[in-house]
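Each remark here refers to the structure printed beneath this line.
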Amino acid sequence: MTKEILLSISGLHFVDGEDGSVEVVTAGDYYNRGGKHYILYDEVVEGMSGHTSNVIKIGENSLEITKKGLMNTRMVLEKGKRHRTVYQTPFGNIEIGLIGQELQVTETEEKIDVRAEYVLEINEENLSECTIEMNIKPREAGSLNLQG
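The opening position of the sequence shown corresponds to residue 0 in numbering that gives the first Met the number 0, with each subsequent residue numbered one higher.
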């Protein structure tokens, strides 16, 4: 895998029978250290000044997302484990819990695909069931497969 990558992140969540989705496609940087994959990219929030620097660390049995800047947090997903964290936003802090239910990482020389399923808690109450999918490809590979 090359250092310059294209990253597609799609998320789906279910709350009280209603579903919502979001998808982001962005350029980023990739490296591998100690058997773990690292993806770095910046995120801009429309209508707000500043940005958030993101680091995604993909291990064999874990997914970790660290955000610094406009938003700040460190979220960890591991199958069968609950992790708590504080999500800092410009509007205030939110205490969240993540209960990992499934984590699949598929890698080849040309791409890395990640699928994680988890329960999102806010203030120790189950808020929604969530799925996040990531597709990482070399930037020169061109377009990504967008969910539609």
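The beta-carbon is built from N, C-alpha and C at its ideal position, and this holds for glycine as well.
Predicted model, so just to flag it, every value in this text is computed and none were measured.
In chain order, ALA26, GLY27, ASP28, TYR29, ILE38, ILE135, LYS136, PRO137 and ARG138 place their CB closer than 8 Å to the CB of ILE4, counting only its own chain and leaving out the 5 sequence neighbours on each side. When DSSP states are grouped into helix, strand and coil, GLU132 belongs to the strand group.
According to the DSSP assignment, MET47 belongs to no beta strand (DSSP E), since it is labelled neither H nor E.
Under the DSSP assignment, SER20 falls in the beta strand (DSSP E) whose first and last residues are 17-32. Sixteen is the threshold: since fewer than 16 other Cβ atoms of the shown chains lie within 10 Å of the Cβ of SER20, the residue is exposed.
ASN53 counts as buried, since no fewer than 16 other beta carbons sit within 10 angstroms of its beta carbon. The C-beta of MET133 has 16 or more other C-beta atoms within 10 Å across all chains shown, which makes the residue buried. Take ILE64, set aside five residues on each side of it, and the residues of its chain with a beta-carbon closer than 7 Å to its own are ASN53, ILE55 and MET74, in chain order.
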